[in-house]
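There are 2 protein chains.
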Amino acid sequence: MPAIIIKPDRLLADLHRLRTFGAYKTGVHRPTYSPEDMAARRWLVARMQEAGLSSRMDGIGNIVGENTAARRRLLVGSHSDSQNHAGWLDGAMGVIYGLEIARAFVESGTPGGAGVDAAVFADEEAHFASFLGSRSAIGALDEDEIDIARNLTTGETLREALADAGLADLDRRAIDPSQYLGYLEAHIEQGDDLEARGLKLGVVTCIVGIHQYRVRFSGASNHAGTTRMAIRRDAGAALVSFAHAINERFRQLAAERTVWTVGNIRLDPGQVSIIPNHAEMLLQVRDADPAVLARMRAALEHLVALTRQAGPCGVELEILAQSEPHEMSCHFQDALGNAASRMAPGRWQRMPSGAGHDAQILARIMPAGMLFVPSIGGVSHHVDEDTREDDIVLGCEVLAAACSQILETKGEQT
Amino acid sequence: MPAIIIKPDRLLADLHRLRTFGAYKTGVHRPTYSPEDMAARRWLVARMQEAGLSSRMDGIGNIVGENTAARRRLLVGSHSDSQNHAGWLDGAMGVIYGLEIARAFVESGTPGGAGVDAAVFADEEAHFASFLGSRSAIGALDEDEIDIARNLTTGETLREALADAGLADLDRRAIDPSQYLGYLEAHIEQGDDLEARGLKLGVVTCIVGIHQYRVRFSGASNHAGTTRMAIRRDAGAALVSFAHAINERFRQLAAERTVWTVGNIRLDPGQVSIIPNHAEMLLQVRDADPAVLARMRAALEHLVALTRQAGPCGVELEILAQSEPHEMSCHFQDALGNAASRMAPGRWQRMPSGAGHDAQILARIMPAGMLFVPSIGGVSHHVDEDTREDDIVLGCEVLAAACSQILETKGEQT
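Chains as they are written, first to last, in this note's numbering: chain A, 11 to 424; chain B, 11 to 424.
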């Protein structure tokens with residue numbers, strides 16, 4: 011197969027053009043189905059068509075730009091919606107990589123019948139629901155869920171948003187996994203691990219599992235001046251003590267990359283002079299190893315039991331979500347690693363993804379792989395989010411080379 | 011002086027009549043200047059007049075029922091507003107004691123020129139501002155403060171509320187301390203100390219000082235999945251660790267009756283997947299001993315300094331309020347103790363008040379004393395708040411006897 015040549019200037023120009031839709035300070039504000047998001051999607055459809063891809067948007071806002079001449083295909087893409095008032099590269103970079111690599115395969119004449127289709131998913135950032143677009147694309151989104159979903163910021167129903175975006179009368183299209191060797195997605199790292207190690211590329215081994223809990227404490231509300239410490243049933247004090255113990259215990263149990271976060275705490279009634287009768291906290295744990303997640307969960311349950319036994323407050327553990335780690339294809343990891351070794355020798359590593367990505371959804375129906383490029387300062391979900399231009403170009407070249415290898419290998423096998 | 015005879019049936023009947031204004035479940039909902047509160051106040055004015063007292067309401071809703079025949083007087087009362095959806099005795103009991111004792115002195119013919127004036131203060135429960143009525147009565151409430159105050163629940167301005175209550179055109183009346191030997195107030199304990207010790211009466215030694223703090227932690231918001239534990243600046247984790255350390259340290263430093271409460275905690279942005287960049291907690295400490303309050307404060311400041319030094323989060327301590335303990339008159343304590351020893355031998359104690367009361371405001375301009383009766387189960391600020399009827403009657407008899415003694419003693423001295 012001839013080398014697939016991506017054009018850095020065109021890649022960067024398209025990426026900067028996408029940035030103009032919903033530009034906000036140095037970042038973008040492009041919530042799913044907003045006018046800015048829809049304008050960006052229509053521009054992407056047109057840009058794919060200019061590249062010789064057969065492209066259209068479906069009823070959930072997903073776009074697939076097909077190389078109709080290809081007999082062996084990979085799907086490459088990401089999402090084009092952004093978080094509110096956030097960065098310009100999250101999702102967008104992977105989308106433009108897909109466009110550029112699909113375009114490069116067309117320009118190379120779809121060599122040996124090998125081609126790339128470009129994919130753009132909707133609402134990975136969960137303005138309405140987590141992985142809305144990619145779940146629709148694999149047939150894992152019910153109409154019932156669409157009926158009840160609302161925009162978390164504005165409260166608008168998903169049905170209204172789809173109607174306003176002109177999508178209400180379009181069919182939702184499922185991706186046929188038999189048409190693809192697999193799915194590849196590039197993304198900014200959103201952490202500082204690559205930068206801290208002086209590396210340029212991360213080959214994702216798996217996307218971490220996420221366990222999410224709510225812990226509720228029940229006590230008795232009473233006057234904060236007249237109620238002796240000895241007889242209090244202070245739900246807030248119980249929460250503080252529990253959260254401290256969990257932080258201590260998790261520190262002992264954590265693996266190298268385990269992360270956990272208490273993202274919210276609420277005390278009721280929340281008055282300075284009233285002993286809280288109710289307190290709750292949200293706790294999230296992430297790790298790539300199911301065994302680590304399991305032992306953190308066991309420690310949590312143990313501490314809940316101890317706390318309940320010790321009193322004086324009640325405690326309830328609610329499991330909000332438990333996603334297990336999603337393995338990336340070993341074959342794709344090797345292809346990405348080979349390309350990285352050639353083009354950035356000694357400057358890449360294998361690593362888990364601490365964040366969720368559309369790739370974990372596509373992985374349910376076909377082999378999937380992911381490539382990370384460094385985030386400057388580890389910053390994401392913020393207008394300061396950025397990546398060096400040469401790193402952006404290198405990432406696309408490595409992803410294109412990996413696509414070539416996968417398509418070539420598979421060609422030889424068949 | 012002939013014995014002052016209070017009438018238990020009349021006392022309880024008036025107390026139950028007051029309970030009907032704003033009745034809510036087994037408690038009352040009588041927020042300051044609500045139609046129910048104003049109806050109750052108008053009824054109290056009328057009831058005082060029926061008792062032969064010269065009674066009227068002033069421009070802040072305070073009522074004084076004067077025994078115009080008396081040459082030596084005490085002021086006895088409390089507040090008639092309630093917390094929202096709260097108990098029937100908080101404030102109300104002390105108000106009806108004032109009415110009954112003032113009435114009993116009139117019925118005894120104001121013996122030797124000794125009499126009691128009944129006082130009813132407004133908004134002790136701080137729907138608009140702490141001790142609004144009693145501060146007005148001692149000349150410690152500016153018009154400027156009235157201009158800006160709003161109802162904490164409804165947002166209504168105080169000016170609007172006063173106008174709606176028909177009080178806008180009335181003068182506010184200051185109490186002349188030269189007219190009184192002092193102020194006495196009875197109240198439910200609002201704690202369980204008397205009940206736990208099997209006692210019937212508490213003679214208040216002082217009203218505790220309250221130190222109120224806000225502690226703010228500043229960190230860096232970041233992705234909860236991709237940001238390694240080692241580089242996090244998690245303001246929420248800093249708060250949990252700090253709150254735990256404070257609870258441990260305060261336990262060591264506390265005196266027998268010291269209480270402290272973390273009444274509220276807030277993490278920003280409060281999302282399960284975002285590391286909090288800001289966290290804050292409200293902390294309140296109460297004790298009767300200024301030295302204890304001072305050592306708790308020193309420990310707090312020391313921990314703030316240690317936390318700031320250790321990093322990685324910033325921490326700021328803000329002092330929201332620092333009231334020092336308010337001493338009750340020794341002479342009044344002795345008079346209350348003598349009466350209690352006669353009428354409930356071995357069943358009373360001296361004790362501090364953990365809650366704030368109008369008596370601490372009146373204490374700024376004249377001697378003040380307080381008497382507590384037991385709260386069943388220590389419950390207050392709740393519809394379950396209650397006190398045994400014989401305890402209610404006993405409290406009024408003891409307070410009346412103490413008034414007699416104080417007025418008699420002072421009479422002999424002059």
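Each residue gets a CB set at the ideal place from its N, CA and C atoms; glycine is no exception. In this text the structure is predicted, and so the values were computed from the model without any measurement.
- The C-alpha of SER390 (chain B) is placed about 15 angstroms away from the C-alpha of HIS89 (chain B).
- Among the CB atoms of chain A, none fall inside 8 angstroms of the CB of LEU204 (chain B).
- Taking a beta-carbon distance threshold of 8 angstroms, GLU170 (chain B) does not count as an interface residue toward chain A.
- For ASN274 (chain A), there is no enclosing alpha helix (DSSP H); the enclosing beta strand (DSSP E) covers residues 269-278.
- Chain-order list of chain A residues neighbouring HIS137 (chain B): empty, with the shortest C-beta distance near 13 angstroms, by a criterion of under 8 angstroms.
- The DSSP-derived three-state label of ASN77 (chain B) is coil.
- Per DSSP, PHE131 (chain B) lies in no alpha helix (DSSP H); the unbroken beta strand (DSSP E) holding it starts and ends at 124-131.
- In the DSSP assignment, the residues bridged to SER88 (chain A) are A:VAL130.
- Think of a sphere of 9 angstroms around the beta carbon of PRO121 (chain A): no beta carbon from chain B falls inside it, the nearest being about 36 angstroms out.
- Apart from sequence neighbours up to five positions away, the residues of its chain that approach THR36 (chain B) with a beta-carbon distance below 6 angstroms are VAL393, ordered along the chain.
- MET291 (chain B) sits buried, since 16 or more C-beta atoms from the chains shown fall within 10 Å of its C-beta.
- According to DSSP, residue pairing for ASN232 (chain A) in a beta bridge involves A:ILE285.
- Per DSSP, PRO41 (chain B) is not a residue of any beta strand (DSSP E), being assigned neither H nor E.
- For LEU292 (chain B), the C-beta contacts it makes with chain A under 8 angstroms involve VAL282, in order along the chain.
- LEU313 (chain A) sits buried, since 16 or more C-beta atoms from the chains shown fall within 10 Å of its C-beta.
- Within chain B, no C-beta atom comes nearer than 8 angstroms to that of GLY212 (chain A); the closest sits roughly 11 angstroms away.
- Taking 8 angstroms as the cut-off, the Cβ atoms of ALA49 (chain B) and PHE31 (chain B) count as close.
- Pairing ILE386 (chain B) with ARG398 (chain B) gives a Cβ-Cβ distance under 8 angstroms.
- Of all C-beta pairs linking the stretch 105-120 of chain B to the stretch 12-25 of chain B, three or more are shorter than 8 angstroms, placing the two stretches in contact.
- About 4 angstroms separates the beta carbons of SER363 (chain A) and ILE217 (chain A), which is inside the 8 angstroms limit, making them a contact pair.
- The beta carbons of ALA315 (chain B) and GLY246 (chain B) sit about 21 angstroms from each other, so the pair does not count as a contact at 8 angstroms.
- When the five nearest sequence neighbours on each side are left out, the beta carbons in the same chain lying within less than 7 angstroms of the beta carbon of ASN161 (chain A) are those of HIS137, PHE138 and ALA171, in order along the chain.
- The CB of PRO286 (chain A) comes closer than 7 angstroms to the CB of GLY273 in chain B, given here in chain order.
- Taking 7 angstroms as the cut-off between beta carbons, none of the residues of the stretch 142-176 of chain B comes near chain A.
- Your pair GLY388 (chain B) and THR167 (chain A) does not check out as a contact, with CB atoms roughly 49 angstroms apart and the cut at 8 angstroms.
- For a Cβ distance threshold of 9 angstroms, residue set GLY201, ASP202, ALA206 and GLY388 of chain A lies close to ILE241 (chain B), ordered along the chain.
- Rounded to whole angstroms, the gap between the alpha carbons of SER144 (chain B) and GLU134 (chain B) is 8 angstroms.
- Pairing VAL403 (chain B) with LEU22 (chain B), the inter-Cα distance amounts to about 8 angstroms.
- Collapsing the DSSP output to three states places LEU99 (chain A) in coil.
- In the DSSP assignment, ARG243 (chain B) falls outside any alpha helix (DSSP H) and carries neither an H nor an E.
- Neighbourhood of GLN222 (chain A) in chain B, by CB distance below 9 angstroms: VAL282 and SER283, in chain order.
- In summary, CYS340 (chain B) is exposed, with fewer than 16 beta-carbon neighbours lying within 10 Å of its beta-carbon over all protein chains present.
- If the five residues before and after LEU204 (chain B) are omitted, its C-beta is found closer than 6 angstroms to the C-beta atoms of GLY212 and PRO384, all from its own chain and listed in chain order.
- Bounds of the alpha helix (DSSP H) holding ARG27 (chain B) are 18-29.
- PRO12 (chain A) counts as exposed, since fewer than 16 other beta carbons sit within 10 angstroms of its beta carbon.
- For ASN257 (chain A), at least one C-beta of chain B is nearer than 8 angstroms to its own C-beta.
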